[in-house]
Amino acid sequence: MIPKNFKKHDYRGNLIVDKDNPILIQKAWRDRFSGEGHWREGYGGQAYLSRPNSEDALTWNVFRTLQLSGERGLRVISDVFKIFEVDKMLFWGCDVEHHGEEQQLLNILIRTIDGKHRGTMTEPDLVIITGREVVFVECKLNQRGNTSPWKSKGKGAEKRMKTYAEEFPEIKSLPDWEVVYQLIRQYVFAKSLSKYLKKKPVVIPLINEKHREILSDYYMKVKHSPLNKKEVFRNFVTWQDLLRILSTSDLPNKSIISAKIKEALKYAR
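Numbers given in my numbering equal positions in the sequence shown, counted from 1, plus 2.
Next comes the structure, spelled out in structure tokens:
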């Protein structure tokens, strides 16, 4: 039983599905409001998952619900991303449904490539495995001004880029890599995982439609680069696209999912 004075810290109130999954506890105690200002304003210690504009909460609410909705829910995912029939999904690298070997393989790849250097290793938002593809979905909802949401953070990025270039020399030819660093990481691990699974690597940014113009200039740096000779980087998909696909689907719980997307878009920065 959660005491009343702790209720505001219970992120489950912002979730609509599988609220007690252990992976969410991991997310909550790591990704939280910890700055001094947050404590002064009264929400220090709250998990990002508890916020109405949380990208992680939206990703979980939408795609975990669709996964648990069976064939019709998985068809919505295939339709919106224009991919083959969905087999498995990894949320932040974890296969919460099937506990398949793919999650262990991805974990090993991240630790043996990113783990060579200190600092935060990459954590893919959503990985979808189909019969023919390994699809890394980079989920974005909010945007800060005109800056790139994929820019490098911290001192470890340059060291990691050298490691990535050893694995994939085509990365060396990419100018201004700092502003698309997170997309390069998606590329590296999509290529690495797909190699072992013998599938096609795919990277798809899932974005808020209202940020398309800002994000397009940054995205073209990878989409029109040597990294995309084999069309790893697909076109943007938007949360609004997902709403349109849901509206025409025969999914019984589509109104619940749609309401959560609309709420998140309302509060998005």
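Beta carbons are placed, not taken as given, at the ideal position from N, Cα and C, and that holds for glycine.
ask   = Between S80, P203, Y166, which lies nearest to F138 when the distance is taken from Cα to Cα?
value = P203
ask   = What's the gap between the Cα of E99 and the Cα of D22?
value = 14 Å
key: DSSP-derived helix/strand/coil call for D89   = strand
ask   = Start and end of the alpha helix (DSSP H) containing E265?
value = 256-269
task = Reducing DSSP to helix, strand and coil, say where F170 ends up.
result = coil
request  = Check whether the Cβ atoms of T61 and L128 lie closer than 8 Å to each other.
outcome  = yes
task = Below 8 Å on the Cβ atoms is my guess for I173 versus L244; work out the distance and round it to an integer in Å.
result = Actually they do not touch by this definition, with Cβ atoms about 31 Å apart.
inquiry  = Taking the alpha carbon of M163 as the reference point, which residue from D178, S150, T149, L26 has its own alpha carbon closest?
reply    = D178
key: Rounded C-alpha distance that separates Y269 from E73   = 31 Å
Enclosing beta strand (DSSP E) for L217 [first to last residue] = No beta strand (DSSP E) holds L217; the alpha helix (DSSP H) holding it covers 214-225.
key: Buried versus exposed call for R214 [16 or more other C-beta atoms within 10 Å across all chains shown]   = exposed
Bridge partners - K231, DSSP secondary structure assignment = K231 is not bridged to any residue.
ask   = Going by beta carbon distance, what residues of the same chain come within less than 7 Å of I216, once the five residues before and after it are set aside?
value = Q145, N148
query = Per DSSP, I25 is paired with what?
reply = In DSSP, I25 forms no bridge with anything.
Spatial distance of E118 from Q69 (CA atoms) = The sequence shown places Lys at residue 118, not Glu. If you take the alpha carbons of K118 and Q69, they lie about 34 Å apart.
query = Considering only residues of the same chain and omitting the five flanking positions on each side of N7, which have a CB-CB separation below 6 Å?
reply = none
request  = Grab the span of the beta strand (DSSP E) containing E99 for me, first residue to last.
outcome  = No beta strand (DSSP E) holds E99; DSSP gives it neither H nor E.
query = So V78 and S251 are in contact, right, with Cβ under 8 Å, and what is the actual spacing, rounded?
reply = 5 Å
task = Spell out the partners DSSP gives V129 in its beta bridges.
result = L92, F138
ask   = According to DSSP, which residues form a beta bridge with T240?
value = I209
message = The alpha helix (DSSP H) that contains E73, what's its start and end?
response = 73-83
query = Hey, would you say C96 sits closer than 8 Å to I27, going by beta carbons?
reply = no
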